[in-house]
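A short write-up of the structure that comes next.
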Amino acid sequence: MSHYLLIDHIDKKFTRGSHETEVLKDVTLGIEQGEYVSIIGHSGCGKTTLLNIVAGLTPVSRGGVILENREVNEPGPDRAVVFQNHSLLPWLTVYGNVKLAVDKVFSASKSRAERHAWTMHNLDLVQMGHAKDKRPAEISGGMKQRVGLARALAMQPKVLLLDEPFGALDALTRAHLQDSVMAIHEKLGNTVLMITHDVDEAVLLSDRIVMMTNGPAACIGEVLDVSLARPRKRLTLAGDAEYLKCRKRVLEFLYERHRFVEAA
Ligand SMILES: Nc1ncnc2c1ncn2[C@@H]1O[C@H](COP(=O)(O)OP(=O)(O)OP(=O)(O)O)[C@@H](O)[C@H]1O
Ligand SMILES: [Mg+2]
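My numbering numbers the first residue of the sequence shown as 21 and each following residue consecutively.
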């Protein structure tokens, strides 16, 4: 069966001099169009490495990534990344940061006026239109992540890659942003691959949760289907039997079967 995005038998080793670290071993995962898939696993198991491989930022040692039946092995606008710490250009305004990506991707296909409208449309989508003239230093962490999200969405990527996009935020800001991402996913039907450390976040947002074993040579230990109806409301779900069952399954995987052992 062909998948929209296929991570196909990936191994990744890092070599420094004569020292070799095997980070990922035989990772295979198929993702369908419009699916929201989360990857969860202990620190250092190789989640970012896997995301960077899909983004085309890190070469594989074996295997490959197939997107819509084409192998992808370098970065491209079809895979937009939002990192844990915002990667906005400090000398550009909020508007300028998003417009830069829009100009790059749509210079040939949209007129100047269309590119302006598209930039504003995406800023409005993440509720940041009002702050368009501010610079990154003048806005909060949550707002910076919103702009990063707008920039990624504005590229109309086939796959949105999120590396702990809410990781550095306080709990309330995090909840607001999760709600925004859910609403955007509902509206646009994006295909999303998101890394998280947070069990509740994974269950709330995902169609499937991919649980990774501890490294070295980490692989996919288990994949959990989250069959909760959408749209999802965090308050209603807090007592929902299916929600609690999913949450328990992930917690058991992380804290019993694959307990984190801090390297000495
Ligand atoms: N460029 C590199 N060269 C050598 N080793 C690397 C490199 N990048 C990552 N590693 C190693 O690969 C392993 C996995 O790192 P990675 O950043 O993918 O983990 P992670 O699961 O994202 O962790 P965290 O949850 O803390 O973000 C770690 O042991 C790390 O030291
Ligand atoms: Mg990481």
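Just so you know, even glycine gets a beta-carbon here, dropped at the ideal spot from N, CA and C.
* To do: Return yes when the C-beta of residue 113 is under 6 angstroms from any heavy atom of ligand 2, and no when it is not.
  => no
* Asked: Is residue 24 helix, strand or coil by DSSP?
  -> coil
* Use the C-beta contact count for residue 37: other C-beta atoms within 10 angstroms, 16 or more gives buried, fewer gives exposed. => Under this definition residue 37 is an exposed residue.
* Asked: Can you check whether the CB of residue 83 is closer than 7 angstroms to the CB of residue 91?
  -> Not a contact, by the Cβ cut-off of 7 angstroms.
* For the beta strand (DSSP E) holding residue 272, just list the boundary residues, first then last. => First-last for residue 272: 261-272, but that is the alpha helix (DSSP H), not the beta strand (DSSP E).
* Asked: Are three or more beta carbon pairs between the region 43-63 and the region 233-241 nearer than 8 angstroms?
  -> As far as the Cβ criterion goes, the region 43-63 touches the region 233-241, which means the pair count is three or higher.
* To do: Thinking residue 267 and residue 219 are a contact (beta carbons under 8 angstroms), I'd like their distance in whole angstroms, please.
  => Contact between residue 267 and residue 219 holds: CB atoms are separated by about 6 angstroms, below the 8 angstroms threshold.
* Asked: What are the complete beta strand (DSSP E) segments, minimum 3 residues, inside the region 69-123?
  -> 82-87, 99-102
* ligand 1 heavy atoms versus the CB of residue 63: any closer than 6 angstroms? -> yes
* the region 166-176 contacting the region 116-126, beta-carbon criterion three pairs below 8 angstroms -> yes
* Asked: Between the region 206-220 and the region 183-190, do three or more beta carbon pairs fall short of 8 angstroms?
  -> With the cut-off at 8 angstroms, the region 206-220 and the region 183-190 touch.
* Would you say residue 265 touches ligand 2, meaning its beta carbon is less than 6 angstroms from a heavy atom? -> no
* So residue 232 is in the beta strand (DSSP E); what residue range does that whole segment cover? -> 228-232
* Classify residue 190 as helix, strand or coil using the three-state DSSP reduction. => coil
* Any residue whose CB is nearer than 7 angstroms to a heavy atom belonging to ligand 3, listed in chain order -> Ligands in the displayed structure: ligand 1 and ligand 2; ligand 3 is not one of them.
* Determine the contact status of residue 56 and residue 196, defining contact as a CB-CB distance below 7 angstroms. => no
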